[in-house]
Structures are given as C-alpha cells and as structure tokens.
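Trainee: Before we start, here is the structure in question, set down as structure tokens.
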Amino acid sequence: MKFSLFVHMERWDESVSHRQLFEDLTELTLMAEAGGFSTVWIGEHHAMEYTISPSPMPLLAYLAAKTTTIHLGAGTIIAPFWHPLRVAGECALLDVISNGRMEVGLARGAYQVEFDRMAGGMPASAGGQALREMVPVVRALWQGDYAHDGDIWKFPTSTSVPKPVQKPNPPMWIAARDPDSHNFAVANGCNVMVTPLMKGDEEVVDLKNKFQTALDNNPGVPRPQLMVLRHTHVHTADDPDGWKVGAKAISRFYRTFDAWFGNKEVPVNGFLAPSPEEKFAGRPEFELESLHKTAMIGTPEEIIPRIKYYQELGVDEFSFWCDNSLSHAEKKKSLELFIKHVVPAFR
175 MKFSLFVHME RWDESVSHRQ LFEDLTELTL MAEAGGFSTV WIGEHHAMEY
225 TISPSPMPLL AYLAAKTTTI HLGAGTIIAP FWHPLRVAGE CALLDVISNG
275 RMEVGLARGA YQVEFDRMAG GMPASAGGQA LREMVPVVRA LWQGDYAHDG
325 DIWKFPTSTS VPKPVQKPNP PMWIAARDPD SHNFAVANGC NVMVTPLMKG
375 DEEVVDLKNK FQTALDNNPG VPRPQLMVLR HTHVHTADDP DGWKVGAKAI
425 SRFYRTFDAW FGNKEVPVNG FLAPSPEEKF AGRPEFELES LHKTAMIGTP
475 EEIIPRIKYY QELGVDEFSF WCDNSLSHAE KKKSLELFIK HVVPAFR
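Number 464 in the numbering used here belongs to position 290 of the sequence shown; there are no gaps in the numbering.
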C-alpha cells in the first residue's frame with residue numbers, strides 16, 4: 175500500500191493570508207515526504223477560496239525544488255480548460271524540473287460554477303468529451319511530432335517541448351466514477367483515482383468492482399494502479415471525542431461543497447457560505463455519526479484495519495485528503511499521528 179497526500183490551500187475567512195497558506199501547504203508536503211508518502215497531489219480549481227489552486231503547476235514546481243523523493247501529482251487537471259499542447263509541455267517541464275517525479279491526473283470537471291467562468295457556460299456534464307480526446311493526444315505529443323484533427327482541438331504538426339524524463343511517459347491518472355470512465359482509463363493504460371465522498375466503505379467496494387469490470391473488459395492491457403482518496407482525520411485514543419473535531423470540520427467542508435456545486439448563490443470575493451445545516455435534515459450522510467463511519471476518522475487502531483481492508487480489495491494507494499476546514503495546527507497533528515502510527519503497519 176502506497177500513501178499520498180491530497181492537499182490544497184483552503185481559506186475560510188480573511189484571518190489567514192494566502193502566503194501563510196502557501197507555507198502551511200509546503201510544511202505538510204515536507205512532513206509527508208519525511209513520512210514516506212509516495213506522492214503529493216494538488217488539483218485545479220478557480221475563483222474559490224475554499225479550494226485555492228488556479229493551477230497545480232507552480233505549486234508543484236516549487237515543491238520539486240524543496241523535495242527529493244516524493245512524486246509531484248497534478249491531481250487533477252480539468253481537461254476542458256486546457257489545450258493539449260499546454261498540458262503536454264507543462265507536465266513535461268515539471269518532469270524535467272523534478273527529475274522524473276511528475277504524475278498527472280486528468281478529469282472532466284465537476285463544478286458548473288467553474289464552467290460558467292472558464293468555458294463560456296458549457297455544461298459541466300459535457301467535459302468528458304475533452305477528457306477522452308485529451309489523453310491520447312498528450313501521450314502522442316510526448317513521443318514526438320504529431321498533428322491533430324479532433325472534435326475539440328485541431329492543430330498542425332507539433333510536439334511537446336520539452337520532453338518528459340520518464341519513459342515511455344509519466345504516469346497518467348483518470349478520476350473515475352461511472353463504468354465508462356473506468357473502462358476508458360483502463361483501455362488507455364491510465365491509473366484510476368476514485369473518491370467515495372460521503373459514502374461508506376461499501377462505495378469503495380462498488381468502485382473497486384467497476385475497476386475490476388474494466389480490467390475484465392480489457393484482458394490484454396497491463397493492470398493499472400487504483401487509488402482511493404478519503405477525507406482523513408486521526409486523533410488519539412485518550413481523546414475519545416476527538417472524532418467530533420474531524421467530523422464537524424468535514425461536515426462544514428461538504429456543506430460548502432454543496433453550496434458551490436449547487437451554483438445558486440453569487441460568491442463574494444471568492445467566498446461562499448456553507449449550505450445551512452437545516453437543509454440536510456433527513457440526510458443521514460451529513461450527520462456527524464455518519465461521517466465518523468464514512469470518512470477516514472478515528473484513532474490509528476480504528477483506521478488501520480479499514481485501510482488494510484482496502485488493501486485486500488486491491489487498492490494500491492490510499493490518499494490522505496486533508497482539505498477539511500480545520501486549522502493548520504489540527505491538520506499537522508492528524509498527519510503526524512497517521513505517519514507515526516498508521517504508516518508503519520503497512521511496512
């Protein structure tokens with residue numbers, strides 16, 4: 175089992191500066207590297223303070239200079255917002271800067287609020303077409319001269335400059351949920367990243383089954399890697415109510431996700447208040463006791479067997495998702511406990 179860190183700068187009010195958030199993200203990454211994590215993942219989001227990452231590339235390039243072993247994962251690039259030449263060139267440049275430590279995840283995008291601002295109001299549901307066209311084009315550009323005449327992009331003979339260090343190409347990941355996405359990823363030799371969000375471990379089983387079906391549908395393709403991304407909060411056994419800290423914070427995160435995803439309110443300077451708790455009356459997945467069971471919240475002794483269960487299912491990488499609305503001090507404490515007590519159980 176590999177472990178990775180999925181992290182963004184997240185700002186909930188103006189009391190913490192963007193510069194401080196940048197330094198905090200750097201500190202968490204260095205902790206993860208020292209703790210033996212394989213990769214740090216940073217995604218792409220626009221004009222929202224609660225997930226600050228207009229491009230993962232500058233952050234990852236900076237971290238490349240600060241680290242020596244951890245891989246730098248763009249997780250994920252939103253395909254409809256990019257041109258394939260930019261994806262190929264910028265990813266290859268990051269691979270050169272990091273001396274072969276770049277990994278790239280591609281996604282179709284999810285928030286309509288971003289598509290309204292970045293893609294002229296294109297339906298977010300249509301982003302899959304760009305994702306499916308992007309993957310083989312980027313691979314071709316990494317290999318050499320290539321001209322493209324597709325449904326979305328058309329360009330004359332071009333190539334990626336520079337070329338990536340990793341041969342034949344850096345690892346590519348697809349964020350997948352539905353069976354078609356799993357099948358596309360496996361058929362195209364891409365690793366698969368999944369998140370059960372607010373659902374329990376039965377959702378991990380379901381996502382693994384979709385992955386397995388895709389493997390069965392493509393018997394001639396080498397098995398790619400499967401990563402599960404989970405909100406994670408670790409507390410000590412001598413603090414029996416410590417789980418509530420994580421559950422309350424993750425509830426706030428998901429209520430904010432709901433507000434952005436709903437796209438009903440106009441953000442103010444990049445901030446959008448969480449959807450009110452009363453909106454979720456009768457929605458058990460938002461209750462703290464439910465989040466205690468679904469998110470990866472608990473003592474090391476409670477968390478270890480769950481991750482071992484994932485390992486038995488065939489999950490190759492567990493990603494510690496630390497975006498949760500908690501303070502940096504709380505995040506550090508949780509990550510330290512995970513590194514000290516959970517990681518050794520898998521070594």
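Note that beta-carbon positions come from the ideal geometry of N, C-alpha and C, so glycine has one too. All values derive from a computational prediction rather than experimental measurement.
(1) What residue ranges within the region 209-284 form continuous alpha helix (DSSP H) runs of no fewer than 4 residues, ordered along the chain?
(2) How many whole angstroms separate the CB atoms of Met183 and Leu195, which I take to be in contact at a CB cut-off of 8 Å?
(3) Could you round the C-beta distance between Trp434 and Val287 to whole angstroms and report it? I think they count as a contact, below 8 Å.
(4) Would you list the residues sitting across from Ala298 in a DSSP beta bridge?
(5) Taking C-beta to C-beta, are Phe385 and His356 nearer than 8 Å?
(6) On the DSSP bridge list, what partners appear for Met346?
(7) Comparing C-alpha positions only, which one of Ile226, Gln303, Tyr224, Arg313 sits nearest to Arg260?
(8) Short of 7 Å in beta carbon distance, which residues of its chain neighbour Val309, apart from the five on each side in sequence? Order them along the chain.
(9) Rounded to a whole number of angstroms, what is the C-alpha to C-alpha distance between Gly295 and Ile326?
(10) Using the three-state DSSP reduction, which class does Ala361 fall into: helix, strand or coil?
(11) Exposed or buried, what is Lys505 when buried is set at 16 or more other beta-carbons lying within 10 Å of its beta-carbon?
(12) Is it true that the CB of Pro344 sits closer than 8 Å to the CB of Val278?
(13) State yes or no: is the C-beta of Ile471 within less than 8 Å of the C-beta of His515?
(14) Which residues bound the alpha helix (DSSP H) around Lys176?
(15) In this structure, does DSSP put Pro330 in helix, strand or coil?
(16) How is the alpha helix (DSSP H) around Trp434 delimited, first residue to last?
(17) Leaving aside the five residues before and after Ser272 along the sequence, list all residues of the same chain whose C-beta is less than 6 Å from its C-beta, in chain order.
(18) Of the residues Glu307, Pro338, Thr333, Pro336, which one's Cα is nearest the Cα of Asp323?
(19) Just how far apart, CA to CA, sit Ile216 and Val181?
(20) Count the other CB atoms, across all protein chains shown, that sit within 10 Å of the CB of Val440; report buried if there are 16 or more and exposed otherwise.
Mentor: If we stick to the structure as given:
(1) 230-240, 258-271
(2) 4 Å
(3) 6 Å
(4) Beta-bridge pairing links Ala298 to no other residue.
(5) yes
(6) Val278
(7) Arg313
(8) Leu280, Met346, Asn362, Cys364
(9) 16 Å
(10) helix
(11) buried
(12) yes
(13) no
(14) Taken as a continuous stretch (DSSP letters only), Lys176 belongs to no alpha helix (DSSP H), being part of the beta strand (DSSP E) at 176-180.
(15) strand
(16) 416-436
(17) Ala238, Leu246
(18) Glu307
(19) 6 Å
(20) exposed
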